[in-house]
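These notes are about the structure you will find just below.
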């Protein structure tokens with residue numbers, strides 16, 4: 027079966043096509059970036075029940091503000107920062123509504139009681155630690171360590187200097203290291 | 005994930021485990037459904053007019069000025085008429101016209117909140133209760149005149 031005509035196009039070309047009125051290009055962008063965005067948000071502790079809603083809202087907002095997308099960072103990175111901001115706003119709403127977030131799952135003691143339980147504990151501990159970081163520290167840390175981005179792109183996406191991005195990353199690592207001990 | 009190599013070993017392992025868990029959660033997201041919802045919203049929800057930053061800043065400043073004028077007016081009127089218990093600023097005729105249609109929801113709320121706070125501010129005013137303008141001393145009259153002049157200056161909003 028032949029793949030859709032937009033499947034192999036670069037994000038920038040898909041954006042240009044969407045802005046010219048091709049809806050299929052937007053659908054292609056959503057299908058390409060929805061899961062990575064969900065993963066980025068899930069690492070930051072977005073509740074599973076809310077994940078899909080935050081992802082679709084972030085994508086909607088991204089398409090609505092494509093006019094302000096300057097292209098200094100990739101569409102993916104820009105989208106991740108929109109998602110991060112949205113998650114921060116949702117957290118504020120949840121706090122006001124006294125929504126109690128579910129505690130991350132408890133490791134299954136039957137499956138590799140030592141190794142997996144340790145890994146699960148460390149993951150939960152890190153998840154908590156990430157929520158305690160300042161927003162820029164958390165985002166710089168995840169964009170660098172989880173997404174593997176360079177400082178130049180991170181700085182462009184977050185509208186900060188490259189030096190500031192390095193400083194935020196350094197502080198985030200230092201604080202998380204202390205938190206994990 | 006080369007950047008993970010920069011991390012201390014325990015932090016790198018924790019991040020790897022957290023990322024795997026996140027990937028599992030992310031797989032539950034139905035991309036087809038997300039795409040349909042996004043496209044439906046893009047079709048059905050009208051795009052907000054994108055205003056330049058300087059317009060938004062100017063509007064915020066104008067709103068802040070309007071709030072100050074309203075507060076000053078409320079206090080001045082309550083001072084000259086005497087603060088009646090339970091008097092509401094909503095009953096005062098304000099020589100101002102605000103284009104509330106043009107305000108964003110947050111701006112409207114801020115404005116309404118500020119207006120609601122005027123009686124409280126007036127009640128907190130520590131001057132003795134005043135019966136009429138004739139009873140004001142020179143300093144109080146000057147203050148009142150300054151308030152009125154400020155109001156006239158802000159009426160152009």
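Residue numbers (my numbering), protein chains in the order written: chain X, 27 to 207; chain S, 5 to 161. Positions of the beta carbon are idealized from the N, C-alpha and C atoms, including for glycine. Since this is a predicted model, take the numbers as computed values, not measurements.
Chain S contact for residue i (CB, 9 Å cutoff)
i	result
residue 116(X)	no
residue 149(X)	yes
residue 145(X)	yes
residue 188(X)	no
residue 122(X)	no
residue 105(X)	no
residue 193(X)	no
Nonlocal neighbours in the same chain, by C-beta distance under 6 Å from residue i, ignoring five residues either side
i	result
residue 8(S)	16
residue 152(S)	none
residue 88(X)	105 and 108
residue 81(X)	60, 63 and 64
residue 86(X)	none
residue 55(X)	40
CB contact check: residue i to chain X, cutoff 9 Å
i	result
residue 61(S)	no
residue 167(S)	This structure does not reach residue 167(S), given that chain S is present from 5 up to 161, and the question cannot be answered.
residue 76(S)	no
residue 142(S)	no
Reference residue i; option with closest CA among the options
i	options	result
residue 22(X)	157(X), 97(X), 48(X) and 121(X)	Limits of chain X in this structure are 27 at one end and 207 at the other, which puts residue 22(X) out of reach.
residue 74(X)	83(S), 24(S) and 28(S)	28(S)
residue 198(X)	207(X), 164(X), 206(X) and 189(X)	164(X)
residue 103(X)	151(X), 46(X), 173(X) and 193(X)	173(X)
residue 39(S)	68(X), 146(X), 52(X) and 204(X)	52(X)
residue 166(X)	151(X), 188(X), 149(X) and 147(X)	188(X)
residue 154(S)	72(S), 143(S) and 41(S)	72(S)
residue 37(S)	110(X), 83(X) and 145(X)	83(X)
residue 77(X)	19(S), 32(S), 147(S) and 66(S)	32(S)
residue 42(X)	58(X), 93(X) and 57(X)	93(X)
residue 44(S)	90(X), 58(X) and 46(X)	90(X)
Interface residues of chain A facing residue i [CB-CB closer than 7 Å]
i	result
residue 203(X)	Absent here is chain A; the protein component of the structure consists of chains X and S.
Cβ neighbours of residue i in the same chain (closer than 7 Å, five flanking residues each side left out)
i	result
residue 170(X)	180 and 195
residue 51(S)	none
Residues of its chain near residue i, where Cβ-Cβ distance is below 8 Å and the 5 sequence neighbours each way are ignored
i	result
residue 98(S)	Only weak support exists for where residue 98(S) lies, its pLDDT of 47 falling under 50; the value from the coordinates is given anyway. Closer than 8 Å at the Cβ level, and outside the excluded window around residue 98(S), lie 74 and 77.
residue 113(X)	67, 70, 72 and 80
residue 159(X)	167, 198, 201 and 202
Which residues of the region 33 to 44 of chain S have a Cβ closer than 8 Å to any Cβ of chain X? Give them in chain order. 33, 34, 35, 36, 37, 38, 39, 41, 42 and 43
Using a Cβ-Cβ cutoff of 9 Å, what residues of the region 9 to 30 of chain S are near chain X? List them in chain order. 10, 11, 12, 14, 15, 16, 17, 18, 19, 20, 21, 22, 23, 24, 25, 26, 27, 28, 29 and 30
With 7 Å as the C-beta to C-beta threshold (strictly closer), list the residues of the region 29 to 62 of chain X near chain S in chain order. 49, 52, 53, 56, 57, 60 and 61
Using a Cβ-Cβ cut-off of less than 7 Å, list which residues of the region 158 to 184 of chain X approach chain S; keep chain order. 170, 171, 172 and 174
Could you list the residues in the region 70 to 103 of chain X with a C-beta less than 7 Å from some C-beta on chain S, going in chain order? 74, 77, 78, 81, 82, 85, 86, 89, 90 and 93
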